[in-house]
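First up is the structure itself, then whatever we jot down about it.
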Amino acid sequence: MEDVTSSLNRQRSEDVVFLDFQKAFDKVPHQRLLLRLKSIGVIGNLLSWIGNWLGNREQRVVIKGCASSWQNVTSGVLQGSVLGPLLFVAYINDIDGDILCKTKKFADDTKLYSEVSSKSDSEKFQADLDKISSWSQGWQMLFNIDKCKVMHIGSSNQKFTYNLNGVELQEVSVERDLGIYIESSL
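Residue numbers are given in the UniProt record's numbering: position 135 of the sequence shown equals residue 135, and the series is strictly consecutive.
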(Lines of atoms letter the chains of each structure in order from A and count residues from 1; the text may use other names and numbers.)
(Lines give C-alpha, C1' and ligand atoms only; values in the text may rest on other atoms or scores of the structure.)
Protein backbone atom coordinates (compact mmCIF):
# COMPACT_ATOMS: atom_id res chain seq x y z
CA MET A 1 0.00 0.00 0.00
CA GLU A 2 3.06 2.26 0.07
CA ASP A 3 2.55 3.09 -3.61
CA VAL A 4 -1.05 4.08 -2.92
CA THR A 5 -0.21 6.33 0.02
CA SER A 6 2.55 7.93 -2.04
CA SER A 7 -0.03 8.79 -4.72
CA LEU A 8 -2.39 10.20 -2.12
CA ASN A 9 0.38 12.35 -0.67
CA ARG A 10 0.75 13.86 -4.15
CA GLN A 11 -3.04 14.52 -4.30
CA ARG A 12 -3.54 11.74 -6.89
CA SER A 13 -6.27 9.12 -7.11
CA GLU A 14 -5.77 5.35 -7.16
CA ASP A 15 -8.05 2.58 -8.33
CA VAL A 16 -7.57 -0.89 -6.86
CA VAL A 17 -9.16 -4.11 -8.07
CA PHE A 18 -9.19 -7.03 -5.64
CA LEU A 19 -9.23 -10.26 -7.66
CA ASP A 20 -10.63 -13.54 -6.36
CA PHE A 21 -9.87 -16.82 -8.11
CA GLN A 22 -12.69 -19.36 -8.28
CA LYS A 23 -11.63 -22.29 -6.03
CA ALA A 24 -8.02 -21.21 -6.53
CA PHE A 25 -6.06 -24.10 -5.06
CA ASP A 26 -8.48 -26.74 -6.38
CA LYS A 27 -8.31 -25.62 -10.01
CA VAL A 28 -4.58 -25.72 -10.84
CA PRO A 29 -4.24 -28.29 -13.68
CA HIS A 30 -1.39 -30.68 -12.84
CA GLN A 31 0.04 -31.06 -16.36
CA ARG A 32 0.07 -27.31 -16.98
CA LEU A 33 1.65 -26.75 -13.58
CA LEU A 34 4.43 -29.20 -14.40
CA LEU A 35 5.04 -27.42 -17.71
CA ARG A 36 5.17 -24.09 -15.87
CA LEU A 37 7.63 -25.46 -13.31
CA LYS A 38 9.85 -26.81 -16.09
CA SER A 39 9.77 -23.41 -17.84
CA ILE A 40 11.09 -21.69 -14.70
CA GLY A 41 13.92 -24.17 -14.24
CA VAL A 42 12.49 -26.92 -12.03
CA ILE A 43 13.83 -30.08 -13.69
CA GLY A 44 15.09 -33.59 -13.04
CA ASN A 45 14.32 -35.46 -9.85
CA LEU A 46 12.58 -32.51 -8.22
CA LEU A 47 10.14 -32.11 -11.12
CA SER A 48 9.52 -35.88 -11.14
CA TRP A 49 8.95 -35.89 -7.38
CA ILE A 50 6.44 -33.02 -7.63
CA GLY A 51 4.70 -34.83 -10.51
CA ASN A 52 4.40 -37.97 -8.38
CA TRP A 53 3.25 -35.98 -5.36
CA LEU A 54 0.50 -34.37 -7.44
CA GLY A 55 -0.41 -37.34 -9.60
CA ASN A 56 -0.77 -40.21 -7.19
CA ARG A 57 -4.12 -39.11 -5.82
CA GLU A 58 -7.63 -40.47 -6.20
CA GLN A 59 -10.96 -39.46 -4.76
CA ARG A 60 -14.52 -40.70 -4.51
CA VAL A 61 -17.80 -39.59 -3.01
CA VAL A 62 -19.61 -41.54 -0.30
CA ILE A 63 -23.20 -40.62 0.60
CA LYS A 64 -25.08 -42.66 3.20
CA GLY A 65 -22.79 -45.63 2.63
CA CYS A 66 -23.09 -45.59 -1.16
CA ALA A 67 -19.72 -44.92 -2.81
CA SER A 68 -18.85 -43.77 -6.30
CA SER A 69 -15.93 -45.29 -8.17
CA TRP A 70 -12.44 -43.92 -7.53
CA GLN A 71 -11.37 -41.14 -9.91
CA ASN A 72 -7.90 -39.75 -10.59
CA VAL A 73 -7.34 -36.20 -9.35
CA THR A 74 -5.93 -34.15 -12.25
CA SER A 75 -6.06 -30.67 -10.76
CA GLY A 76 -5.47 -28.90 -7.50
CA VAL A 77 -2.65 -28.33 -5.06
CA LEU A 78 -3.10 -29.39 -1.47
CA GLN A 79 -4.29 -26.61 0.79
CA GLY A 80 -2.72 -26.82 4.20
CA SER A 81 0.48 -28.31 2.82
CA VAL A 82 3.76 -26.43 2.71
CA LEU A 83 4.15 -27.06 -1.01
CA GLY A 84 0.60 -26.18 -2.11
CA PRO A 85 0.85 -22.37 -1.87
CA LEU A 86 4.32 -22.40 -3.45
CA LEU A 87 3.06 -24.38 -6.43
CA PHE A 88 0.05 -22.10 -6.77
CA VAL A 89 2.25 -18.99 -6.78
CA ALA A 90 4.56 -20.58 -9.35
CA TYR A 91 1.53 -21.30 -11.53
CA ILE A 92 0.09 -17.77 -11.49
CA ASN A 93 3.38 -15.88 -11.24
CA ASP A 94 3.22 -14.41 -14.75
CA ILE A 95 -0.39 -13.21 -14.51
CA ASP A 96 0.95 -9.65 -14.60
CA GLY A 97 3.55 -10.33 -17.29
CA ASP A 98 2.50 -7.77 -19.88
CA ILE A 99 0.48 -5.20 -17.99
CA LEU A 100 1.26 -1.58 -17.14
CA CYS A 101 -0.52 -1.39 -13.78
CA LYS A 102 1.08 -2.50 -10.56
CA THR A 103 0.12 -5.76 -8.88
CA LYS A 104 0.52 -7.32 -5.48
CA LYS A 105 0.27 -11.08 -5.12
CA PHE A 106 0.21 -13.19 -1.99
CA ALA A 107 -0.86 -16.81 -2.40
CA ASP A 108 -4.30 -16.57 -4.03
CA ASP A 109 -4.82 -12.88 -3.23
CA THR A 110 -4.07 -10.63 -6.19
CA LYS A 111 -4.56 -6.88 -6.45
CA LEU A 112 -4.24 -4.66 -9.51
CA TYR A 113 -3.81 -0.94 -8.86
CA SER A 114 -2.78 2.27 -10.56
CA GLU A 115 -3.03 6.03 -10.45
CA VAL A 116 -6.16 6.94 -12.38
CA SER A 117 -6.81 10.62 -12.95
CA SER A 118 -8.28 10.66 -16.46
CA LYS A 119 -10.45 8.69 -18.85
CA SER A 120 -7.26 7.63 -20.65
CA ASP A 121 -5.83 6.23 -17.38
CA SER A 122 -9.05 4.30 -16.75
CA GLU A 123 -8.93 2.86 -20.27
CA LYS A 124 -5.36 1.64 -19.67
CA PHE A 125 -6.48 0.13 -16.36
CA GLN A 126 -9.39 -1.63 -18.10
CA ALA A 127 -7.04 -2.89 -20.83
CA ASP A 128 -4.85 -4.46 -18.13
CA LEU A 129 -7.92 -6.06 -16.53
CA ASP A 130 -8.79 -7.48 -19.95
CA LYS A 131 -5.27 -8.93 -20.29
CA ILE A 132 -5.53 -10.53 -16.84
CA SER A 133 -8.94 -11.93 -17.77
CA SER A 134 -7.51 -13.39 -20.96
CA TRP A 135 -4.60 -14.90 -18.99
CA SER A 136 -7.04 -16.46 -16.50
CA GLN A 137 -9.06 -18.11 -19.25
CA GLY A 138 -5.98 -19.35 -21.09
CA TRP A 139 -4.49 -20.88 -17.96
CA GLN A 140 -7.85 -22.25 -16.71
CA MET A 141 -7.88 -20.11 -13.56
CA LEU A 142 -11.19 -18.29 -13.69
CA PHE A 143 -12.21 -15.51 -11.35
CA ASN A 144 -15.19 -15.50 -9.02
CA ILE A 145 -16.46 -12.22 -10.43
CA ASP A 146 -18.99 -11.73 -7.62
CA LYS A 147 -16.06 -11.56 -5.19
CA CYS A 148 -13.85 -9.30 -7.34
CA LYS A 149 -14.20 -5.69 -6.17
CA VAL A 150 -13.00 -2.22 -7.15
CA MET A 151 -12.03 0.48 -4.67
CA HIS A 152 -11.59 4.13 -5.61
CA ILE A 153 -9.11 5.91 -3.35
CA GLY A 154 -8.58 9.67 -3.16
CA SER A 155 -10.91 12.60 -2.65
CA SER A 156 -10.69 13.66 -6.30
CA ASN A 157 -11.24 10.14 -7.67
CA GLN A 158 -13.56 10.19 -10.69
CA LYS A 159 -14.82 6.66 -9.87
CA PHE A 160 -14.63 5.06 -13.29
CA THR A 161 -16.35 1.72 -13.71
CA TYR A 162 -14.47 -1.46 -14.65
CA ASN A 163 -15.59 -4.85 -15.82
CA LEU A 164 -14.23 -8.35 -15.85
CA ASN A 165 -15.50 -10.71 -18.56
CA GLY A 166 -18.21 -8.18 -19.40
CA VAL A 167 -19.50 -7.94 -15.83
CA GLU A 168 -19.23 -4.60 -14.03
CA LEU A 169 -17.21 -4.89 -10.83
CA GLN A 170 -18.87 -3.90 -7.59
CA GLU A 171 -17.47 -0.77 -5.94
CA VAL A 172 -16.58 -1.05 -2.25
CA SER A 173 -15.46 1.52 0.30
CA VAL A 174 -14.03 -1.10 2.68
CA GLU A 175 -12.33 -4.37 1.76
CA ARG A 176 -10.59 -6.99 3.87
CA ASP A 177 -7.18 -7.82 2.43
CA LEU A 178 -4.85 -10.32 4.11
CA GLY A 179 -6.71 -9.83 7.38
CA ILE A 180 -6.56 -6.03 7.31
CA TYR A 181 -9.48 -3.78 6.48
CA ILE A 182 -8.64 -1.15 3.87
CA GLU A 183 -10.87 1.89 3.50
CA SER A 184 -11.19 4.07 0.44
CA SER A 185 -10.92 7.13 2.70
CA LEU A 186 -7.26 6.41 3.50
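Heads up, the beta-carbon is just placed ideally off N, CA and C, and yes, glycines get one too.
Identify which residue in the options has its Cα closest to the Cα of residue i.
i: MET141; options: GLY65, SER122 and ILE92; result: ILE92
i: TYR146; options: LEU34, GLU14, ASP108 and GLN170; result: A small correction: the amino acid at residue 146 is Asp; Tyr does not occupy that position in the sequence shown. Of the candidates LEU34, GLU14, ASP108 and GLN170, the one whose C-alpha sits nearest the C-alpha of ASP146 is GLN170.
i: GLY55; options: GLY65, ARG32 and ALA67; result: ARG32
i: TRP49; options: ILE180, LEU87, PHE25 and LYS27; result: LEU87
i: LYS131; options: ILE95, ALA24 and SER122; result: ILE95
i: CYS148; options: GLN126, ILE180, GLY44 and LYS111; result: LYS111
i: GLN158; options: GLY65, TRP53, ALA67 and SER122; result: SER122
i: PHE160; options: GLY138, GLU115, TYR181 and GLY179; result: GLU115
i: ASP15; options: LYS119, GLY138 and ILE43; result: LYS119
i: ALA24; options: TRP53, SER185 and TRP139; result: TRP139
Evaluate residue i with the Cβ neighbour count: other Cβ atoms within 10 Å of its Cβ, from every protein chain shown; 16 or more gives buried, anything less gives exposed.
i: LEU100; result: exposed
i: TYR113; result: buried
i: LEU83; result: exposed
i: ILE40; result: exposed
i: GLY97; result: exposed
i: ILE153; result: buried
i: VAL62; result: exposed
i: LEU129; result: buried
i: PRO26; result: In the sequence as presented, Pro is not what sits at residue 26; that position holds Asp. Exposed is the call here.
So, for residue i: in the same chain, excluding its five sequence neighbours on each side, which residues have a beta-carbon less than 8 Å away from its beta-carbon?
i: PHE143; result: LEU19, ASP20, PHE21, GLN22, SER133, SER136, LEU164 and ASN165
i: GLN59; result: TRP70, GLN71 and VAL73
i: ASP177; result: PHE18, ASP109 and LYS111
i: ALA67; result: ARG60 and VAL61
i: SER117; result: ARG12, SER13, SER156 and GLN158
Quick one: what's got a C-beta closer than 7 Å to residue i's C-beta in the same chain, skipping five residues either side?
i: GLU183; result: SER173 and VAL174
i: GLY124; result: The sequence as given places Lys at residue 124; Gly does not occur at that position. Same-chain partners within the cutoff: LEU100.
i: PRO85; result: ALA107
i: GLN126; result: TYR162
Under 6 Å Cβ to Cβ from residue i, same chain only, skipping five residues before and after it: list those, please.
i: VAL150; result: VAL17, TYR162, LEU169 and GLU171
i: SER156; result: SER13
i: THR103; result: ASP96 and LEU112
i: LYS105; result: none
What does residue i pair with, by DSSP beta-bridge criteria?
i: CYS148; result: None, per the DSSP bridge assignment.
i: LYS23; result: None, per the DSSP bridge assignment.
i: TYR113; result: VAL16 and LYS102
i: ILE81; result: This sequence places Ser at residue 81; Ile is not what is there. Per DSSP, none; premise fails for SER81.
Less than 8 Å between the C-beta atoms of residue i and residue j, yes or no?
i: SER75; j: PRO29; result: yes
i: LEU47; j: LYS38; result: yes
i: LEU78; j: GLY51; result: no
i: ARG57; j: ALA90; result: no
Could you tell me if the beta carbon of residue i falls within a distance shorter than 7 Å of some heavy atom in the ligand COA?
i: TYR181; result: Questions concerning the ligand COA fall outside what the structure shown contains, since it holds no ligand whatsoever.
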